[in-house]
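What follows is a short report on a single structure.
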Amino acid sequence: MTQLHPLILAPTDFEMGAVAAAVFKCGIHAEFATIGVGPGAVVRWSQRDPLASSQRSPRGRRVILAGLAGGLDPRHAVGSVHRASRIIACGAEHARPSAVYWVPAQSRDGVTIASVDRIYGRVEHKRLLHAKTGAALVEMESAAFAMLASARGWNWQVIRAVSDDAESALPGWIAKLLNDDGSMSRTGLIATALRPSRWRALLKIGTDAKFAAEALGGGLVELLCERGVASVPQATTRTLVFGGTFDPPHCHHRAIVAAAAKLLGCDSIIIVVAGQAPLRTDLAAASSADRLEMARLAFADLRDVEIDAREVNRAGASFTVDTLRELASERGLSRESLVLLIGGDQALQFEQWNEWRAIDNSLATIAVVARPPLDADSLRAKLGQKFSGLGADGPRWERAVLPLESLDCSASAVRARLRDGQPIGDLVCAEVESWIRQRGLYA
Numbered sequence: 367m368t369q370l371h372p373l374i375l376a377p378t379d380f381e382m383g384a385v386a387a388a389v390f391k392c393g394i395h396a397e398f399a400t401i402g403v404g405p406g407a408v409v410r411w412s413q414r415d416p417l418a419s420s421q422r423s424p425r426g427r428r429v430i431l432a433g434l435a436g437g438l439d440p441r442h443a444v445g446s447v448h449r450a451s452r453i454i455a456c457g458a459e460h461a462r463p464s465a466v467y468w469v470p471a472q473s474r475d476g477v478t479i480a481s482v483d484r485i486y487g488r489v490e491h492k493r494l495l496h497a498k499t500g501a502a503l504v505e506m507e508s509a510a511f512a513m514l515a516s517a518r519g520w521n522w523q524v525i526r527a528v529s530d531d532a533e534s535a536l537p538g539w540i541a542k543l544l545n546d547d548g549s550m551s552r553t554g555l556i557a558t559a560l561r562p563s564r565w566r567a568l569l570k571i572g573t574d575a576k577f578a579a580e581a582l583g584g585g586l587v588e589l590l591c592e593r594g595v596a597s598v599p600q601a602t603t604r605t606l607v608f609g610g611t612f613d614p615p616h617c618h619h620r621a622i623v624a625a626a627a628k629l630l631g632c633d634s635i636i637i638v639v640a641g642q643a644p645l646r647t648d649l650a651a652a653s654s655a656d657r658l659e660m661a662r663l664a665f666a667d668l669r670d671v672e673i674d675a676r677e678v679n680r681a682g683a684s685f686t687v688d689t690l691r692e693l694a695s696e697r698g699l700s701r702e703s704l705v706l707l708i709g710g711d712q713a714l715q716f717e718q719w720n721e722w723r724a725i726d727n728s729l730a731t732i733a734v735v736a737r738p739p740l741d742a743d744s745l746r747a748k749l750g751q752k753f754s755g756l757g758a759d760g761p762r763w764e765r766a767v768l769p770l771e772s773l774d775c776s777a778s779a780v781r782a783r784l785r786d787g788q789p790i791g792d793l794v795c796a797e798v799e800s801w802i803r804q805r806g807l808y809a
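Each residue of the sequence shown is one higher than the one before, starting from 367 at the first, in the numbering used here.
Here is the structure:
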C-alpha cells in the first residue's frame, strides 16, 4: 500500500501559511487543512472536509496539529517550540500522542498541553491554570483533535509554538479578529483599526505571533524529518512561472505571486505576458507593448522577477506547454524546480490545455490559487473529483491548491471602472494607473 503523505492541520490561516511555507520550502510532500478555532471547529471540520474521512485519511495516517499557544510555564519564551507529551482537558489527562511521534520523557521539548474552551488571556488566570494542572501551554483545539484522531486510528501529534508567554496578557478583543473557520475577520480588523488605543498592543501581539509562527514552521519540519516520517531532499532552487494577459495587471496579481513565491520557497519569478491565448476568444484591449510595460511596473518591487515576452513575440496561438519546455531547456529546470501558478478557473478547465498531461506529469509542479466564488476547500473537492475522473492524480490536484485567501478582482473590473469614469486606485498600483492614464488606455 502506498504511504500517504502526512496531513498537517492548523487552526488559522495565519498559522497554516507559516507551516505550509516551511514544509514547501524544504520540498516535503504533505496535505494541509485549516480547521478553525476552538473545539467545536475541530468537530465541524471532521464533518465537512473529505480529508477527514476514512477514505482519504485511513487508520495509520500520520496527522499533525500545528499552531500557536499561550505559555503557562515561565521557562518557555515566545518562539519556543514544543511537542505534546500529553494532552489534558478539564484538569485530567485526556490523551497521549501516538507511538510514532512519542516524545521521550527526557526530551526538553515534550510538554503537557492544557486544552480549554476559551482564551486564557489574563496573567493571573494563566498562573492558576499552571498551578492546578502543571501544564506548560494552553490552547483550544488539542483535546478535540486527540479524540478525533484516536477514534480514527491516526498516528497523531500536536506541536505548538509559544506566541504569548506566561507573563504576557492577551486582551479580550483579540478573539474578535478571527472567524470560527480560522480566517481573519475583516469586521474585527476594521473595528480594531478604528481604536488607536489598541494599535500598540496589536503591533506587539502581531510581531510575537509572526516570530512564533516562523519558529513553528521550523519545528514542524524537524518533526517530519525524524524517524522516516519524511525526508528533505538536497536544497534546490525553484522558479515560479505566472502567465496572464495583464490587460491590465492589478494589485491581486502581485499579491498572489508574492504570497505563492514565499509559500513555495521560490527563488525567482518569471511573469509571462500572454500573446493570443487559445482558450480566449476576446482580444487584448491594450497593445502588447503596453501590457509588457504595465507588467514590468506592477511586479517591479518583487525580488528576482523578470518579465518574459516570448509568448507575445510568437506568431499565432501561444501554448503554455511550449513556454515551459523552452524554460526548462534554457535553465536546466526539472519538474520539481519549475512551478506553474494558475488560478482556480484555469485549473477547472486545465484538461482543455494543449498537452495538459505532459505539463502535469513531467514539465512543472502545478500550484493553484482559488478565485471567487470558490474558496480553497471547495476548489480542492472539485479538482480532486474532476481529475480522478480523467484518470489523473486527483489527490495531487487537491494538494496543489495553496492555503491562500480567495481574492476577488479582475482586469475586466478595472476596465469597466475606467469606462465608467470611476477611480481604480484600489485595484492597480500607482505606476500602472499613471501609465494607463498617460496612454489613454481602456477609455
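Each residue gets a CB set at the ideal place from its N, CA and C atoms; glycine is no exception. All figures in this text were calculated on a predicted structure; none of them were measured in a lab.
Segments of 4+ residues assigned as alpha helix (DSSP H) that fall wholly inside the stretch 536-615
552-559 and 565-590
Can you tell me where the beta strand (DSSP E) with Glu505 in it begins and where it stops?
Leu503 to Glu505
Which of helix, strand or coil does DSSP assign to Asn679?
helix
Could you check if Arg803 is buried or exposed, using at least 16 other CB atoms within 10 Å of its CB as the buried criterion?
exposed
Mapping DSSP to helix, strand and coil, what is Arg427?
coil
By how many angstroms is the C-alpha of Asp379 removed from the C-alpha of Ser408?
Per the sequence shown, the amino acid found at residue 408 is Val instead of Ser. About 14 Å.
Alpha helix (DSSP H) containing Phe511: first to last residue?
Ser508 to Arg518
Let me check one thing: in DSSP terms, what residues is Gly433 bridge-paired to?
Arg526
Measure from the alpha carbon of Asn521 to the alpha carbon of each residue in Gly426, Arg552 and Ala730, then state which is nearest.
Gly426
Hey, how far is the Cα of Trp468 from the Cα of His448?
Only weak support is given to the placement of Trp468: the predicted model assigns it a pLDDT of 49, under 50, and the value that follows is read from those uncertain coordinates. Roughly 12 Å separates the two Cα atoms.
Let me confirm a value: Cys456 is counted as buried when at least 16 other C-beta atoms fall within 10 Å, else exposed. Which label applies?
exposed
Nearest to Pro537 by CA position, among Val489, Arg493 and Asp656, is which residue?
Val489
Which of the three DSSP states is assigned to Ala471 in this structure?
Confidence is the limiting factor: at Ala471 the pLDDT is only 38, short of 50, which leaves the residue's position unreliable and the question unanswerable from this model.
Just how far apart, CA to CA, sit Lys498 and Leu438?
11 Å
Could you check the C-alpha separation between Ser634 and Asp667 for me, to the nearest Å?
13 Å
Distance, Thr731 Cα to Glu797 Cα
32 Å
Extent of the continuous alpha helix (DSSP H) run through Val794
Here Val794 belongs to no alpha helix (DSSP H), and DSSP marks it neither H nor E.
Let me check one thing: in DSSP terms, what residues is Thr478 bridge-paired to?
Arg452
Need the endpoints of the beta strand (DSSP E) that Ile394 sits in, please.
Where Ile394 is concerned, there is no enclosing beta strand (DSSP E), given that its DSSP letter is neither H nor E.
Quick check on DSSP: helix, strand or coil for Ala621?
helix
For Gly383, tell me which candidate among Ala581, Arg462 and His618 has the shortest Cα-Cα distance.
Ala581
Unbroken beta strand (DSSP E) run spanning Asp439, endpoints
Premise fails: Asp439 is in no beta strand (DSSP E) and is neither H nor E.
Would Leu663 and Cys775 qualify as a contact pair, given that the criterion is a beta-carbon distance under 8 Å?
no
Between Ala480 and Ile454, is the Cβ-Cβ spacing less than 8 Å?
yes
Let me know if Thr605 comes out buried or exposed under the rule of 16 or more other beta-carbons within 10 Å of its beta-carbon.
buried
Give the DSSP-derived three-state secondary structure of Ile485 in the structure shown.
coil
Taking the alpha carbon of Ala575 as the reference point, which residue from Gln421, Gly404, Val444 and Asn720 has its own alpha carbon closest?
Val444
Give the secondary structure of Ala758 by DSSP, where H, G and I count as helix, E and B as strand, and everything else as coil.
coil
To which residues does DSSP link Leu784 through a beta bridge?
For Leu784, which the question treats as bridged, DSSP gives no partner whatsoever.
CA-to-CA distance, Arg737 to Glu799, given in whole angstroms
24 Å
Please report the distance separating the alpha-carbon of Thr611 from that of Pro789.
22 Å
Take every Cβ of the stretch 578-592, pair it with every Cβ of the stretch 762-773, and state whether three or more of those distances are shorter than 8 Å.
no
Looking at the structure shown, is Asp726 part of a helix, part of a strand, or coil, going by DSSP?
helix
Is the beta carbon of Asp656 sitting closer than 8 Å to the one on Arg783?
no
Rounded distance between the beta-carbons of Cys617 and Leu770, thought under 8 Å
That belief does not hold up - the Cβ atoms of Leu770 and Cys617 are roughly 15 Å apart, past 8 Å.
Starting from Val409, trace the alpha helix (DSSP H) both ways and give me its first and last residue.
Pro405 to Arg414
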